[in-house]
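What follows is one structure encoded as structure tokens, with my remarks underneath.
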Amino acid sequence: MRLLLVCCVLLFLTSCNTVRVAYDYDKRTNFNNYTTYNYFSDVETGLSVFDDRRLFSVLDSTLRAKGFLQVEEPDFYINIQSEEFQSAPSTNNVGVGIGGTNRNMGGGMTIGIPMGRSGLQRQLQFDFVDSQTNKMFWQGVGSANYKEKATPVEREQQIQRVVHKIFSKFPPSKN
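Going left to right, the sequence shown walks through residues -22 to -1, 1 to 153 as mature numbering (1 follows the signal peptide of the UniProt record, and there is no 0) numbers them.
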């Protein structure tokens, strides 16, 4: 019984902190042709000035770690968009029950624990556009719970978590 309760609590805690990610790309793209990047000059992320700084810092260090260099005349440009939205309430529930019998008499109690909740979400979208053809060749989108009144440290950690998850499979492996 105790193990079940511990598992339910752990499942609840991890479900609140999940980063959901989606990717798409042109399968004909040779990602080896891309080694340098920059941002579109008119990029409007939709984030605050401070979150912009955090995002660009994390993204630059992530791309640098993957061998990409930021230059004035790059192989590709990056466009970034963000959106905040209210997520729909979850319909997933876990029931925890306690019961007992005493000869012919019985009793029971069950409590439904909702797994997940509605709340504010932030989505980040990264579009990579070839500088020569002006065609998008890769897109990564990630969303996670967002706490409006987070501290600067919490905000930076959240941005790091989302960016690292989105770029964990970039560039895509050859299939």
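All residues carry an ideal CB built from backbone N, CA and C; glycine is no exception.
Computed from a predicted model, the values in this text were never measured in an experiment.
Could you give the first and the last residue of the continuous alpha helix (DSSP H) run that contains residue i?
{"i": "A43", "result": "V27 to A43"}
Verify whether the separation of the beta carbon atoms of residue i and residue j is less than 7 Å.
{"i": "V(-4)", "j": "V119", "result": "no"}
{"i": "F145", "j": "T7", "result": "no"}
{"i": "L98", "j": "Y124", "result": "yes"}
{"i": "I58", "j": "F106", "result": "no"}
{"i": "F54", "j": "D108", "result": "yes"}
{"i": "D4", "j": "Q117", "result": "no"}
{"i": "L25", "j": "S60", "result": "yes"}
{"i": "E51", "j": "R100", "result": "no"}
Looking at the unbroken beta strand (DSSP E) that takes in residue i, where does it start and where does it end?
{"i": "Q103", "result": "L98 to D108"}
{"i": "Y15", "result": "T14 to Y17"}
{"i": "N57", "result": "F54 to Q64"}
On the three-state DSSP scale, how would you describe residue i?
{"i": "F145", "result": "helix"}
{"i": "R6", "result": "coil"}
{"i": "M114", "result": "strand"}
{"i": "E126", "result": "coil"}
{"i": "V21", "result": "coil"}
{"i": "V49", "result": "coil"}
{"i": "V(-2)", "result": "strand"}
{"i": "V140", "result": "helix"}
Q: Pair every Cβ in the stretch 11 to 23 with every Cβ in the stretch 125 to 141, then say whether three or more of these pairs are closer than 8 Å.
A: no
(Q) Three Cβ pairs or more, each shorter than 8 Å: is that satisfied between the stretch 110 to 117 and the stretch 33 to 44? (A) no
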